[in-house]
Structures are given as C-alpha cells and as structure tokens.
Amino acid sequence: MEQEIFSMPRIGDKAPRFKAVTTQGPVDFPKDYEGSWVILFSHPSDFTPVCTSEFITFASMEKQFNDANCKLIGLSVDGLHSHIAWLRAIKEKIEYKGMKNVEVKFPLIDDVSMNVAKKYGMIMEGEATTAAVRAVFVIDPKGTIRAIIYYPLSLGRNFDELYRIVIAMQTSDEFKVSTPADWRPGDDVVVGAAGTCEAANDRMTGKHPELDCKDWFFCTKKLDKDTVLKKIIKK
Ligand code: BEZ
C-alpha cells in the first residue's frame, strides 16, 4: 500500500491554517489568535489516563499562561461528543495531585477527519496510525511557529517547562537576548556571538562593562526578574 505523505511544519514556518469545531465553538486558526502567543497541542485519545493527568494540569495553569498573553488550544482525533463527555468526567470525578473539580475552559478541537493532525504532522505512523502523538506547537502573535516538541504516547508533558519556554521566548524577543540552559526569569541572559574580530576584542578589553565575558564567544549580562516579569506578565 502506498504511504500517505504527511506535512511537517518547521520552526519559522507560518502556522498552517484551518477551520475547526471545538468544545468552545468554531475556530479559524491562527486568525482568531492574532496578537496572542498560543500553544496548540495534541493528545492521543480522550478517556486515557496520561492525557487526563495532562488536561487537569494544563487547565489548572491556564490563567498563568493567559497572564503571559498565551492561549491554549488542544486537539485529538476524537469527536466533539467524546470531548464533552471526557471533560465533564474530569471535572466531576477525577483528582490528580490535589487538583480536583477542574474545568477545562480552553477549546478542544474535534479532529475526527485528521485534517488538522495531518497538516501539523501530529500523526506518526511508527507510534500510532489512529491517534495523534503528544505534539506541542508554540506559535507567536504573528502566527509563526517558534517551537515544536513531540512526546511519545507513554510520556506526560511537563507544563512548567512549556511555561518556561513561553516566558523565555518572549524575553528573547523583548530584550534581544538568548536564554541559556535551564534559564528562569532572574538568571543572567546570553548575548549573541561577536560578529567581528573588533567586536570580540572590545568584549575582552572591558569596553562593555555590562557584559561578563568568560571568553569572546561566551558573554552574559544581568536581567533582573522584575524587569522581565513587568514586561511579560499582564494581570
Ligand atoms: C494515556 O494518555 O494514558 C495514553 C494514551 C494513548 C496511549 C497510551 C497511553
């Protein structure tokens, strides 16, 4: 049998457009999300345990993401009635890590046709042919894909890390810096590599007192937590 070719969007691409039915009404994506960061994520199946733990966790953090101008939108290849029944069961019956009566208020896309899942490369045949893998697309306010993460079916996501990614990417954009390993607001940030010998020399001879250069290619600078959060968190 001939294998179907699924497209795989990449970082830097415009988010593929689609119209879909969701638990919160119809969406026209990414048009309806212009001006906001958005996390579009897929889960393999409603009424499964790892996905249930993920939805409780993500829904409990929704305000935190919204305060950072980031909206959430989920997807699986289940239908609307399944989504509604599952979200109701979560609210009425499931407790996870002390979180209970959790109402999922962000939209969950009905993608029975797999139209969206195929456009976003969420179906990975080696993992499952009838379900989406756990994919995460971080999309910026202009509709550009800025980060993509895929997880296998058996592994629940770390939502603190997704929040860290959203804050770090906005920090990079706002302050024109990069964020080093394990960066959190308040940690030093990284400045880009020196583009010329002269710039490298300037860095090593103290012409930029705000920089802490261990060598010409590794310079950091202070960026305090309040400055970052004041710029990014809207309450
Ligand atoms: C889960 O969410 O528990 C799950 C979903 C699909 C395959 C395996 C586990």
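Residue numbering for the sequence shown follows my numbering, starting at 7 and increasing by one per position.
Glycine is no exception: its CB is placed at the ideal position from the N, C-alpha and C atoms.
Element boundaries [beta strand (DSSP E), containing residue i]
| i | result |
| --- | --- |
| K220 | L217 to D221 |
| K25 | F24 to T28 |
| T177 | Where T177 is concerned, there is no enclosing beta strand (DSSP E), although the alpha helix (DSSP H) it sits in stretches over F165 to F181. |
| S48 | W43 to S48 |
| K77 | C76 to S82 |
Neighbour-count burial assignment, residue i, 16 or more Cβ in a 10 Å radius
| i | result |
| --- | --- |
| F165 | buried |
| R23 | exposed |
| E180 | exposed |
| R209 | buried |
| V110 | buried |
| M7 | Per-residue confidence for M7 stands at a pLDDT of 48, beneath the threshold of 50, marking its modelled position as unreliable; no derived number is given. |
| N41 | It should be pointed out that residue 41 corresponds to Gly in this sequence rather than to Asn. Answer is exposed; the Cβ neighbour count stays below 16. |
| L161 | exposed |
| E60 | buried |
| K241 | exposed |
| F112 | buried |
| F224 | exposed |
Member of the options whose CA lies at the smallest distance from the CA of residue i
| i | options | result |
| --- | --- | --- |
| H87 | G104, F53 and M120 | F53 |
| D19 | F112, V144, D34 and I62 | V144 |
| G201 | A26, W222, C57 and G212 | W222 |
| K227 | I96, V83, P191 and I90 | P191 |
| P158 | T177, T135 and I171 | T135 |
| L168 | T211, W43 and E131 | W43 |
| K220 | K241, V196 and I238 | V196 |
| E216 | V234, D194, T233 and K231 | D194 |
| Y39 | I173, V183, L78 and K231 | L78 |
| Q30 | I90, N72, I45 and K106 | I90 |
| P55 | R163, N72, S119 and P147 | R163 |
| T74 | K103, P147, V83 and G127 | Correcting the residue type first, residue 74 is Ala in the shown sequence and not Thr. Of the listed residues, the one whose Cα sits closest to A74 is P147. |
| G104 | D232, S66 and P15 | S66 |
| Y102 | F71, F64 and A137 | F64 |
| M120 | F71, T58, I155 and S13 | S13 |
| W189 | G198, K213 and L229 | L229 |
CB-CB length for residue i against residue j, believed under 8 Å
| i | j | result |
| --- | --- | --- |
| L81 | D117 | 5 Å |
| I17 | I129 | About 19 Å separates the two Cβ atoms, so there is no contact after all. |
| I115 | I62 | No, I115 and I62 are not in contact; Cβ-Cβ is about 19 Å, not under 8 Å. |
| V108 | S48 | V108 to S48, Cβ: 20 Å. No contact. |
| V234 | T185 | No, V234 and T185 are not in contact; Cβ-Cβ is about 10 Å, not under 8 Å. |
| P36 | A26 | About 12 Å separates the two Cβ atoms, so there is no contact after all. |
| V122 | I45 | About 15 Å separates the two Cβ atoms, so there is no contact after all. |
| P32 | A137 | Going by Cβ atoms, the distance from P32 to A137 rounds to 24 Å, so no, they are not a contact pair. |
| I100 | I173 | Their Cβ separation, rounded to whole angstroms, is 28 Å, which puts I100 and I173 out of contact at 8 Å. |
Where the alpha helix (DSSP H) containing residue i begins and where it ends
| i | result |
| --- | --- |
| L86 | L86 to K99 |
| R209 | C203 to M210 |
| I62 | P55 to S66 |
Residue i: CB within 8 Å of a non-hydrogen atom of ligand 2
| i | result |
| --- | --- |
| V110 | Looking for ligand 2 in the displayed structure turns up nothing; the ligands present are ligand 1. |
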